[in-house]
Amino acid sequence: MLQLLMSPRTARTVRGLLGTAANAVRSIVTPAALVEAQQLEVAPDPAGLYEADEMPDTDAIEAAAREYERAADQARRADRGKRAAKKVLDRLPSGVYGGWKVFRTPSSRQTPDLAEITRIFKANGLGPVPMKACAPSLKVEAVEQPALVAV
-8 MLQLLMSPRT ARTVRGLLGT AANAVRSIVT PAALVEAQQL EVAPDPAGLY EADEMPDTDA
52 IEAAAREYER AADQARRADR GKRAAKKVLD RLPSGVYGGW KVFRTPSSRQ TPDLAEITRI
112 FKANGLGPVP MKACAPSLKV EAVEQPALVA V
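So the sequence shown is numbered by my numbering: it starts at -8 and just counts up by one.
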């Protein structure tokens, strides 16, 4: 029972509940502060952008933004479907099921072992593990066009 209460999943659930409770209290005490905290941050523009004389015309930009939004929506839907299917397939032992072979292969990708890196930093008094921010995400959203007034 104690092991269940100390599992990472339980800790995440408790943190999530505490965060929800804190947000509820904040929304009653200072509702504007909660809304301000949830506003999207805008990252600075990266290097290598179009120069003024290289800019594509507005129609090309609108077409690219429309296509990006459509493709991103398709990717999200496909990812949800993939996750739902993976919930079933991940629990199957390797084997042939109807016309499908289910098996696993070792990954060639590697990722840093942050727990071990943190342990080494602490053991040698090196302070916190240095971290860097990920690249900003590109977002597009349709906006209302101001109405042109004929004079």
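Virtual Cβ for every residue (Gly too), placed ideally from N, Cα, C. Values in this document were obtained by computation on a predicted structure and should not be read as measured data.
Cβ-Cβ distances below 8 Å link TYR41 to PRO47 in the same chain, with the five nearest sequence neighbours on each side left out; the list follows chain order.
Leaving aside the five residues that flank GLY86 on each side, the residues in its chain whose CB is nearer than 7 Å to its CB run, in chain order, VAL93.
For TYR88, the three-state secondary structure derived from DSSP is strand. Secondary structure of VAL33 (DSSP, three-state): coil. A check of alpha carbon separations from ARG61 across GLY7, ALA133, PRO137 and ALA138 identifies ALA133 as the nearest. In the DSSP assignment, PHE112 falls within the alpha helix (DSSP H) that extends over 105 to 114. Between ASP104 and the set TRP91, LYS77, VAL120 and GLY72, the nearest pair of CA atoms involves VAL120. Taking a C-beta distance under 8 Å as the contact criterion, ALA34 and PRO127 qualify as a contact pair.
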